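K.L.:
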Amino acid sequence: MELFDEGLHSGVNLALNVEKVIYREKTDLQDLMIFENSQFGRVMSLDGAVQTTEKDEFIYHEMFVHVPVLAHGKVSRALIIGGGDGGAARQLMKHKNIAVTMVDIDRTVVELSKKYMPSVSGGAFDNPRLDLVIADGCKFVRETDEKWDVIIIDSTDPHGPGEVLYTQEFYTDCKSCLLSGGIIITQNGVPFVQESELKTSYDRLGSLFKDVSFYLAAIPSYVGGVMAYGWATDDMDHRKVSVSKLAERYMEADIVTDYYTPEVHLAAFALPLHIQKML
Ligand code: AG3
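Here this note's numbering runs 5 ahead of the position in the sequence shown, where the first position is 1.
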């Protein structure tokens with residue numbers, strides 16, 4: 006049987022059985038593959054790195070979305086940069102009063118996810134509250150006059166095409182697209198194997214925002230342990246929200262989740278010492 010061999014981090018390889026290749030294409034922008042694996046269901050990889058799997062995407066996307074949305078409490082506009090598989094969009098759509106703009110550079114990812122992994126976007130692309138823009142996210146945030154309450158940067162890792170989404174310039178442009186009290190969340194990799202990325206983001210975001218931190222979740226298909234989401238806002242109160250306030254908002258939002266709970270939300274911000282020492 007073919008093995009998918011992810012050599013994303015030096016010295017470690019994630020090997021996944023390829024039960025069946027569903028789709029494989031090298032587009033102008035990236036090398037994309039969708040295959041079937043007995044543990045993870047369908048798996049989408051870009052440039053040899055696992056992006057999304059049917060079985061564990063809920064963890065990644067619920068924590069990406071419900072943490073900032075419920076911490077903020079009054080989100081009416083959200084922007085996703087990347088996220089072409091539609092997973093973050095699906096979670097945002099659960100909040101009935103949120104309008105979403107999603108900017109992805111590669112239409113192919115959107116189309117293939119819809120076709121071969123439909124549960125990931127779960128109809129989000131057909132929802133009139135979603136405005137899908139196929140464009141370069143960097144250029145988009147530099148040029149738009151619009152503003153959002155939450156910006157979710159659902160990018161690939163900082164190698165190749167995704168690298169620009171980790172620069173000081175990009176974060177500065179994102180900040181100018183935030184409404185007052187707004188929050189930016191980033192995909193910040195797995196600290197154990199991507200320590201320097203964590204530190205770099207911390208410094209870059211730290212020079213722009215009053216409150217910069219990370220929160221954690223273990224995504225089984227991302228090798229190396231827990232992954233970190235970057236958190237950046239000028240509103241110091243969002244991170245101090247109480248568990249009872251979160252529980253109230255969660256009930257009011259009337260959403261169904263499989264990973265997120267208000268308790269998990271707050272606990273995710275507790276950083277183990279070795280991660281604190283990386284900053
Ligand atoms: N964004 C995160 C990709 C991280 C890949 N890293 C890894 N395999 N360790 C994926 C997009 C999901 N919506």
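Don't be surprised by glycine CBs; every beta carbon is placed ideally from N, CA and C. It should be emphasised that the depicted structure is a prediction, and the values quoted were computed from it without experimental measurement.
Taking PHE69 as the reference, give the member of ARG134, THR106 and ALA222 with the closest Cα.
P.N.:
It is ALA222 whose Cα lies nearest to the Cα of PHE69.
K.L.:
Could you tell me the boundaries of the beta strand (DSSP E) in which GLN173 lies?
P.N.:
Note, GLN173: premise wrong, no beta strand (DSSP E); alpha helix (DSSP H) at 173-181.
K.L.:
Less than 8 Å separating the beta-carbons of ARG254 and GLY78?
P.N.:
Yes, the Cβ-Cβ distance between ARG254 and GLY78 is below 8 Å.
K.L.:
Helix, strand or coil, according to DSSP, for LEU221 in the structure here?
P.N.:
It is a strand residue.
K.L.:
Report all residues from its chain with a CB closer than 8 Å to the CB of THR57; omit the five preceding and five following residues, and keep chain order.
P.N.:
VAL48, MET49, TYR65, ASP90, GLY92, SER118, MET122 and VAL125.
K.L.:
Output the residue ranges of the beta strand (DSSP E) runs that lie fully inside the region 18-97 and measure 3 residues or longer, sorted by chain position.
P.N.:
Those beta strand (DSSP E) runs which fall completely within the region 18-97 and span 3+ residues are 25-31, 36-42, 46-51, 54-58 and 82-87.
K.L.:
Any idea if PRO225 is buried or exposed, counting beta-carbon neighbours within 10 angstroms, 16 or more meaning buried?
P.N.:
Exposed, by the Cβ-count rule.
K.L.:
Any heavy atom of the ligand AG3 closer than 7 Å to the Cβ of GLN192?
P.N.:
The answer is yes for GLN192.
K.L.:
Write down every uninterrupted run of the alpha helix (DSSP H) in the region 132-172 whose length is 4 residues or greater and which is fully enclosed by it, in chain order.
P.N.:
Correct list: 142-148.
K.L.:
In its own chain, which residues sit with a C-beta less than 7 Å from the C-beta of ASN18, not counting the 5 before and 5 after it?
P.N.:
ASP10, GLU11 and GLY12, listed in sequence order.
K.L.:
Which of helix, strand or coil does DSSP assign to HIS243?
P.N.:
The answer is helix: DSSP assigns HIS243 an H, G or I state.
K.L.:
Is it the case that the Cβ atoms of ALA326 and ILE103 are separated by a distance below 8 Å?
P.N.:
No answer is possible for residue 326: it lies beyond the span of the chain, which begins at 6 and ends at 284.
K.L.:
Is the CB-CB distance between HIS148 and CYS182 below 8 Å?
P.N.:
A small correction: the amino acid at residue 148 is Glu; His does not occupy that position in the sequence shown. No. Outside cutoff.
K.L.:
Flag this pair as yes or no: are the beta carbons of LEU284 and TYR227 separated by less than 8 Å?
P.N.:
Going by C-beta atoms, LEU284 is not nearer than 8 Å to TYR227.
K.L.:
On a Cα-Cα basis, can you pick out the residue from GLU30, GLN35, GLY229 and GLY186 that is closest to GLY16?
P.N.:
Closest by alpha carbon: GLY229.
K.L.:
Tell me whether VAL228 counts as near the ligand AG3, meaning its Cβ is closer than 7 Å to at least one heavy atom of that ligand.
P.N.:
Because some heavy atom of the ligand AG3 lies under 7 Å away, the Cβ of VAL228 counts as near it: yes.
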